[in-house]
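Asker:
Protein chains: 2
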Amino acid sequence: MSKPGNPILVEVIRGELVESRHAGAIAVADAQGRLVLSLGDVERPIYPRSAVKALQAMPLVESGAADAFRLSAEELAVACASHSGDSIHVEAVRRLLGKAELDESHLACGAHWPVSEAAMAELLRARKRPQAIHNNCSGKHAGMLATAVHLGLSPRGYERPDHPVQRAIAQTLSDMCETELDWAHVGIDGCSVPTFALPLAALARGFARLGSREGLSVSRADAARRLVEACFAAPVLVAGEERFDTIVLRGLALSAFVKGGAEGVHCASLPELGLGIAVKIDDGTKRGDERALAEVLAVLLPKARKVLADQLKGEMHNWRGRKVGRIAAGAALEEALATLATPRHRAERAAR
Amino acid sequence: MSKPGNPILVEVIRGELVESRHAGAIAVADAQGRLVLSLGDVERPIYPRSAVKALQAMPLVESGAADAFRLSAEELAVACASHSGDSIHVEAVRRLLGKAELDESHLACGAHWPVSEAAMAELLRARKRPQAIHNNCSGKHAGMLATAVHLGLSPRGYERPDHPVQRAIAQTLSDMCETELDWAHVGIDGCSVPTFALPLAALARGFARLGSREGLSVSRADAARRLVEACFAAPVLVAGEERFDTIVLRGLALSAFVKGGAEGVHCASLPELGLGIAVKIDDGTKRGDERALAEVLAVLLPKARKVLADQLKGEMHNWRGRKVGRIAAGAALEEALATLATPRHRAERAAR
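Protein chains in written order, with my numbering: chain Y, 1357 to 1708; chain F, 1357 to 1708.
#1: Distance, Cα to Cα, F/E1704 vs F/L1696?
#2: Could you check whether the segment 1653-1664 of chain F touches the segment 1683-1690 of chain F, counting it as contact only if at least three pairs of C-beta atoms, one from each stretch, sit closer than 8 angstroms?
#3: Whose C-alpha, out of Y/C1493, Y/A1580, Y/L1631, Y/L1365, is nearest the C-alpha of Y/G1617?
#4: For the alpha helix (DSSP H) that contains F/L1566, what are its first and last residues?
#5: Are Y/E1570 and Y/S1548 close, meaning C-beta to C-beta below 7 angstroms?
#6: Give me, in chain order, the residues of the same chain whose beta-carbon lies closer than 7 angstroms to that of F/S1358; leave out the 5 immediate sequence neighbours on both sides.
#7: Ordered along the chain, which non-local residues of its own chain (more than five positions away) have a Cβ less than 6 angstroms from that of Y/A1634?
#8: So F/W1675 contacts chain Y; which residues on that side make the cut at Cβ distance below 7 angstroms?
#9: Determine, for F/L1373, whether the minimum Cβ-Cβ distance to residues of chain Y falls below 7 angstroms.
#10: Between F/E1646 and the ligand ATP, is there a pair consisting of the residue's CB and a ligand heavy atom that are separated by less than 6 angstroms?
#11: When the distance is taken between beta carbons, is F/L1631 closer than 7 angstroms to F/A1654?
#12: Could you give the DSSP three-state label for Y/P1550: helix, strand or coil?
#13: Reducing DSSP to helix, strand and coil, say where F/H1519 ends up.
#14: I'd like the ranges of any beta strand (DSSP E) spanning at least 3 consecutive residues and lying wholly in the segment 1458-1540 of chain F.
#15: Pull the bridge partners of F/G1617 from the DSSP assignment, please.
#16: Who are the neighbours of F/T1641 on chain Y, taking C-beta pairs under 9 angstroms?
#17: In the DSSP assignment, the beta strand (DSSP E) including Y/S1394 goes from what residue to what residue?
#18: Which of the three DSSP states is assigned to Y/P1658 in this structure?
#19: Out of Y/F1600, Y/V1366, Y/A1422, Y/T1551, state which residue places its alpha-carbon closest to the alpha-carbon of Y/L1507.
#20: How about Y/Y1514: is its C-beta nearer than 7 angstroms to some C-beta of chain F?
#21: Which chain Y residues sit within Cβ distance under 8 angstroms of F/V1368?
#22: Ignore the nearest five residues each way along the sequence and tell me which others in F/D1386's own chain have a CB closer than 7 angstroms to its CB.
#23: Taking 7 angstroms as the cut-off, decide whether the C-beta atoms of F/T1641 and F/Y1403 are in contact.
#24: Helix, strand or coil for F/R1708, going by three-state DSSP, please let me know.
#25: So does the segment 1404-1424 of chain Y actually touch the segment 1577-1593 of chain F, counting three or more Cβ pairs closer than 8 angstroms?
#26: Which residues in chain Y have a C-beta closer than 9 angstroms to the C-beta of F/A1688? List them in chain order.
#27: Whole angstroms is fine: what's the gap from Y/V1408's alpha carbon to Y/C1465's?
#28: Alpha carbon to alpha carbon, how far is F/E1418 from F/R1576? Give it in angstroms, no decimals.
#29: Between which residues of its own chain and F/S1611 is the CB-CB distance below 7 angstroms, once the five residues before and five after are set aside?
#30: Sorted by chain position, which residues of the same chain lie with C-beta nearer than 6 angstroms to Y/H1462's C-beta, five sequence neighbours on each side aside?
#31: Give me the Cα-Cα distance between Y/C1587 and F/C1587, rounded to the nearest whole angstrom.
#32: Is Y/H1673 helix, strand or coil when you go by DSSP?
#33: Give the straight-line distance between the Cα atoms of F/R1523 and F/G1562, rounded to the nearest whole angstrom.
#34: List the residues of chain F whose Cβ lies closer than 8 angstroms to the Cβ of Y/G1543, in chain order.
#35: Does F/L1480 have its Cβ less than 7 angstroms from a Cβ in chain Y?
#36: Can you give me the C-alpha to C-alpha distance between Y/D1601 and Y/R1682, rounded to a whole angstrom?
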């Protein structure tokens, strides 16, 4: 890597000294792939991880499985989720599996402790271990399984790159982002399904299309609309209480669909503006991608300043509740956002 | 910050693609402050956080408090610890407090869930909340309290920068690292005591002196020896089972004293080589500092290759136990270590 590194997007300040810093890249694009903002290297392929779960769920709707199994908004939302493992999530995943006449024994995602402290405490008190259903990806897996069943395929091996369901997901990703997938560098995600490396610019374009549905076939546009609407209708299913994505989906419903992934990735779709956003923090830190995305949202959607007031303040408190520092936008991000905040890009968009 | 950024020390690889990267800086110095290795910016002040707990514990011994209260090796070790909050740690802290005729109500560190999953589970099953005694810093606080009591000072406000105990700690840090402290940028640590920003070069020198005791007064040399020996004698008290520092202290006893801190800091003292090491990962990520330090230790101490075999392999597994990637040294670190690995620096040291 002889290129200069990505700029500092986010700083962690203790007292008045920058203690830690998060470099990264951000792409904001429209459905034609025109970059409204490009900060850092937006052409290097990155693994989007769970940030593309809504795109991975599209074959569930497009195949007709969602209709055949009469899936509710909650069940569609949990198929797009990195959920907290609370009972509301676990029950939705069980319902989804049940409608496809499957159960949690079919899940290939592996087990981890629920993200939710309350759910973890409940398991511990009952002297139980976490199961695959508690995995934050269990809804996505249930959706993949339901798709396989509806298509008359064996659910066995549904998580493998060569299974028709994963092939359909790969095709959807490639189509939505208008980019060839790099099959030579398929990664395996934490939950065992493939993760394809894509440039941030392509991801931003894909998310612009997810919201605007420009250039999509009728069936794919319908799938995009229904999944995004389901997430707006049931925001707590997509993440969980007090989590960034649920706060945004709830507070900015219809205006901003957002989804985070592991290792510092966050994507967003702004349907009213016809824009998509993709963020990757080089070091993979969540506090970096959430803060960077909050800054971009605050510039593009004035209402976000209120919904994300705490995130934009970024105060850090210690174990006694004393303020010890703050998380702040780095200078490079501030400068880039200043250009984005001018009326120019809106005028440009209006003139198209 | 117009300087070029720090080099990539550690890479996180999924499949065959670098998914995330950790930039940072490393200083390896001797007791005279000569830099054996300098990678990245080793002159920029950083907060050492918990990495300097052994230095913060020196007044506990030097004041005579440790002798007056007949502190055991376990109690001295826990005073230098970022402990897991297991019963072995909680009991040692209670004993330390009891010897000074204090109890856990005096602790000003605030409460957090124990690092240890087993200890957390036990609290949850008993429907209890964590207390200050479970804070990973409670041993350090108990040591500060015991120092105050022994000196006839009020324990009230022992955590504040202007309390004589904190003044003594600041003086010790400054003396050991042969550097002026920047009182204009005192940070407040997670546990409410001051944290002073120091350059990595100065920290590495301080850790060289902690192990070699070169140039220290008799009383300070004695304090350094007793604290380091206590940590070697009771390694599980300094961190906890399966944690990096305990693994190193146990496996490399007498050869490598190590202590990590929050936000990507790790320091080490190699008494037999007369060297100190200080690492800071820019983004504050633990997987970065542990991996970088493991690499340096493996070059300087051949035995470390075996003790840290798993850490140096760096395999990452997903929730089903499948290998999905690995954590590896970045090219800049590899190159720097190659120079360190030549017999040159040993020859230079021998010729002094």
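The beta-carbon is built from N, C-alpha and C at its ideal position, and this holds for glycine as well.
Since this is a predicted model, take the numbers as computed values, not measurements.
Answerer: By the coordinates alone:
#1: Since pLDDT at F/E1704 reaches only 49, below the 50 mark, its modelled position is unreliable, and no value is offered.
#2: no
#3: Y/C1493
#4: 1556-1568
#5: no
#6: Here F/S1358 scores only 41 on pLDDT, less than 50, and its place in the model should not be relied on; the value that follows carries that caveat. Within the same chain, F/S1358 has no close Cβ partners at all.
#7: A1383, L1556, L1559, A1560, C1623
#8: C1465, G1466, A1467, H1468, N1491, G1546, C1547
#9: yes
#10: The ligand ATP is not part of this structure, which contains no ligands at all.
#11: no
#12: strand
#13: coil
#14: none
#15: F/V1621
#16: S1376, D1639, G1640, T1641
#17: 1391-1395
#18: coil
#19: Y/A1422
#20: no
#21: E1619, G1640
#22: V1392, A1564, G1630, L1631
#23: no
#24: Residue placement at F/R1708 is poorly supported in this model, since its pLDDT is 48, which falls under 50; the coordinates are not used for a value here.
#25: no
#26: Ordered by position in chain Y, no residue passes the 9 angstroms Cβ test against F/A1688, which lies about 10 angstroms from the chain.
#27: 16 angstroms
#28: 6 angstroms
#29: L1626, E1628, L1657, K1659
#30: L1501, P1511
#31: 52 angstroms
#32: strand
#33: 18 angstroms
#34: R1370, G1371, L1373, E1375, V1680, G1681
#35: yes
#36: 21 angstroms
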